[in-house]
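Just below is one structure, and these are the notes that go with it.
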Amino acid sequence: MKTTIALSLLALTSTLTLAQEVESVTLLNNVEHIEGEGVTFEKAVVEVAKVSDTLVTTSTTYYNPRVWVGGYLDNFFVNYLNGNQFCTERGHREEVSGSTIKCGEDESSYAEYNWYSKKWENKSTGSKNQCYPLYATIKCQ
């Protein structure tokens, strides 16, 4: 994983040197993750802005974010606690507007962060025949 990140950062630096007007750059793609540790994603797009002739990161959007629960990767419910926890575990301050959702299936279970136990846990959807909002992408700042 360290090699992937280092190569991605090198590619990012080269890209930004060549194109100073870039608005977003794919920083990480298909990042390997150690089973059972925190959160993961398929790819991330970093948005940058030019401030006083310096490029700064404004936000990062993670695609297909998932968390480890009981030894398995799982999607997680959309809510402020889950969103902020994912972002915190990726080294950001908080979730910001711009995340997208997908529908979870009825009679399934998905991850939810338990603030009291400080860990991700499975939570059942029940059977209400409705869409259960899950993160398709999550935007962190």
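Each residue of the sequence shown is one higher than the one before, starting from 1141 at the first, in my numbering.
A virtual CB, placed ideally from N, CA and C, is assigned to each residue, including glycine.
Nearest-angstrom Cα separation, counted from residue j out to residue i
| i | j | result |
| --- | --- | --- |
| Gly-1210 | Ala-1189 | 39 Å |
| Thr-1277 | Lys-1263 | 20 Å |
| Lys-1183 | Lys-1268 | 32 Å |
| Lys-1279 | Phe-1181 | 12 Å |
| Lys-1258 | Val-1236 | 22 Å |
| Gly-1231 | Pro-1273 | 24 Å |
| Val-1186 | Gln-1281 | 10 Å |
| Thr-1265 | Tyr-1212 | 18 Å |
| Tyr-1250 | Thr-1198 | 30 Å |
Residue i vs residue j beta-carbon contact at 8 Å
| i | j | result |
| --- | --- | --- |
| Glu-1234 | Val-1179 | no |
| Asn-1254 | Glu-1245 | no |
| Cys-1227 | Cys-1271 | no |
Rounded distance between the beta-carbons of residue j and residue i, thought under 8 Å
| i | j | result |
| --- | --- | --- |
| Tyr-1256 | Val-1218 | That belief does not hold up - the Cβ atoms of Tyr-1256 and Val-1218 are roughly 20 Å apart, past 8 Å. |
| Gly-1238 | Thr-1201 | 7 Å |
Option in the options with minimal Cα separation from residue i
| i | options | result |
| --- | --- | --- |
| Arg-1206 | Val-1186, Glu-1252 and Thr-1200 | Glu-1252 |
| Asp-1214 | Cys-1227, Thr-1240 and Ser-1248 | Ser-1248 |
| Ile-1241 | Thr-1265, Trp-1208 and Phe-1216 | Phe-1216 |
Does the contact criterion of 3 or more C-beta pairs under 8 Å hold for the stretch 1188-1197 versus the stretch 1218-1231?
no
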